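Okay, so here's the structure we're looking at.
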Amino acid sequence: MAGSYRAGVGIAFLTSFLSVWTTIVRDDGNAIGYFFVILAAGVGAFAAWFQAAGVARTMLGAATMQALLGIAIATAPITASVADGPFKALLFNTVFAVLWLISAAFFRAAARGNRVSPSPAA
Numbered sequence: 033m034a035g036s037y038r039a040g041v042g043i044a045f046l047t048s049f050l051s052v053w054t055t056i057v058r059d060d061g062n063a064i065g066y067f068f069v070i071l072a073a074g075v076g077a078f079a080a081w082f083q084a085a086g087v088a089r090t091m092l093g094a095a096t097m098q099a100l101l102g103i104a105i106a107t108a109p110i111t112a113s114v115a116d117g118p119f120k121a122l123l124f125n126t127v128f129a130v131l132w133l134i135s136a137a138f139f140r141a142a143a144r145g146n147r148v149s150p151s152p153a154a
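Under this note's numbering, think of the first position of the sequence shown as 33, with each following residue one higher.
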């Protein structure tokens, strides 16, 4: 249980760090979108009081936001002017969406471990 929760936190932090790092390296003007995905993940986890089930739903939301951001960037007119721009945008954002989903899966596993099984009737 605790291991799954820690793994979920680790993947979420790794995803956030890599998102910030690659956004700084690329410097393509889309940084605010990636910042909002990370902000939503943090605010959602706080709103769920860091309970595993709530954080799992938050990471699912972050993955959805990441995928939608990828679609928005891939369909932007400026992206079409870059060689393989739409493909790269979709690939990049898909990788990060999958990382958010992996984090959600770990939190979901932690939430299942927190359930108290009913005691047999005596």
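The C-beta atom is built at its ideal place from N, Cα and C for all residues, glycine as well.
Values in this document were obtained by computation on a predicted structure and should not be read as measured data.
The shortest C-alpha to C-alpha distance from L133 to any of T54, A73, R144, P109 is the one to A73.
Pairwise C-beta distances place the region 95-105 in contact with the region 121-129, as three or more of them are shorter than 8 Å. At a Cβ-Cβ threshold of 8 Å, F139 and V87 count as neighbours. Judged by their CB atoms, N125 and G102 are nearer to each other than the 8 Å cut-off.
The C-alpha of A80 lies about 9 Å from the C-alpha of R89.
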